[in-house]
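From first to last, the protein sequence lines are chains D and R. Residue numbering for the first sequence follows numbering that gives the first Met the number 0, beginning at 0 and increasing consecutively. Residue numbering for the second sequence follows numbering that gives the first Met the number 0, beginning at 0 and increasing consecutively. All C-beta atoms in this analysis are idealised placements derived from N, C-alpha and C, irrespective of residue type, glycine included. Data first, discussion second: the structure below is written as structure tokens.
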Amino acid sequence: MASEHVVILAPGVDAAIRRHGEETYPHECCGALVGMGERVTAAVPLPNTTEEGPRRRFLVRPSDYRLAEQQAGAAGGELLGFYHSHPDHPARPSQFDLDHAWPNFAYVIVAVAAGAARDMTVWWLKEDRSSFEEGDLNGDENPDSDTAAAVHR
Amino acid sequence: MATRILIPTPLRPYTDKKDAVDAEGATVGEVLVDLTKKHAGLKSHLYNEQGKLRSFVNVYLNDEDIRYLQKEQTPVSAGDTLSIIPSVAGGAQ
Numbered sequence: 000m001a002s003e004h005v006v007i008l009a010p011g012v013d014a015a016i017r018r019h020g021e022e023t024y025p026h027e028c029c030g031a032l033v034g035m036g037e038r039v040t041a042a043v044p045l046p047n048t049t050e051e052g053p054r055r056r057f058l059v060r061p062s063d064y065r066l067a068e069q070q071a072g073a074a075g076g077e078l079l080g081f082y083h084s085h086p087d088h089p090a091r092p093s094q095f096d097l098d099h100a101w102p103n104f105a106y107v108i109v110a111v112a113a114g115a116a117r118d119m120t121v122w123w124l125k126e127d128r129s130s131f132e133e134g135d136l137n138g139d140e141n142p143d144s145d146t147a148a149a150v151h152r
Numbered sequence: 000m001a002t003r004i005l006i007p008t009p010l011r012p013y014t015d016k017k018d019a020v021d022a023e024g025a026t027v028g029e030v031l032v033d034l035t036k037k038h039a040g041l042k043s044h045l046y047n048e049q050g051k052l053r054s055f056v057n058v059y060l061n062d063e064d065i066r067y068l069q070k071e072q073t074p075v076s077a078g079d080t081l082s083i084i085p086s087v088a089g090g091a092q
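Given below as structure tokens:
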């Protein structure tokens, strides 16, 4: 059964998230997903400011959140969610992810194994905060796009 | 006395998509309680099961984090603006 949640990544966004995860490996990367509706048009890298060990944690501080939200609005879009990497861990949300999740945001997770980006998934917090629900993560449907194929691999 | 509260993107579905709403109260805590009475869907995302503000929920009175003021007991005055600003956290373990 298809998920009720869908994210479509515009050309270049998939590669940008993967590249960010590889660049910060073995630390977690993080960034904002900006776009409109289901379509993410930009992945905006943000600093991982965690003080709990960036190999297994990320933190977008409030000042960076506010900036990302303002920039999204100024560009005529909206903040659709955030992405982060799981170095040497599966692209599935952890209990820590769940405990800190915001509703109505897409959470894209890219697994980075030994420095190479692997699976990428997207999740939404359930309204009762009990768990995440996985969504569908697709490349742009534009047939002229070179990222038209689904991004799972 | 109504205080204006700025609502971040993920919480706007609970405020009829508005990015700012008004609530009443003499302290930050009272304003937030009134906010969650008027917009009930906010409550579980702002407060944990013990009734405390969640750690990743940041509340600013004008430009000051209330953690560095008197927290939820911080008095509000006419013309003040409250902002709810997320920290976004997570990680592999």
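task: Please report how far the alpha carbon of L52/R lies from the alpha carbon of I6/R, in whole angstroms.
output: 15 Å
message: With a threshold of 7 Å between beta carbons, is H44/R in contact with chain D?
response: yes
field: Same chain only: Cβ atoms within 7 Å of H83/D, ignoring 5 sequence neighbours per side
entry: E27, C28, C29, F57, I108
query: Can you list, in chain order, the residues of the stretch 56-87 of chain D whose Cβ is nearer than 7 Å to any Cβ on chain R?
result: R56, F57, L58, V59, R60, P61, Y64, R65, E68, E77, L78, F81, H83, H85, P86
Closer than 7 Å to chain R by CB, R117/D: no
Within 7 Å, strictly: CB atoms of H38/R and T14/R: Yes.
- prompt: Beta-carbon of G89/R versus every beta-carbon of chain D: anything under 7 Å?
  reply: So, interface residue.
- prompt: Under 7 Å between the Cβ atoms of V30/R and A22/R?
  reply: Closer than 7 Å, so yes.
query: Using DSSP with H/G/I as helix, E/B as strand and the rest coil, what is A91/R?
result: coil
message: Tell me the rounded alpha-carbon separation between F131/D and D62/R.
response: 33 Å
- request: Consider the Cβ of R38/D: report whether some Cβ of chain R lies at a distance smaller than 7 Å.
  value: no
message: Pairs of beta-carbons, one from the stretch 39-48 of chain D and one from the stretch 66-76 of chain D, closer than 8 Å: are there three or more?
response: yes
message: Within 7 Å of any Cβ in chain D, is that where the Cβ of T35/R sits?
response: no
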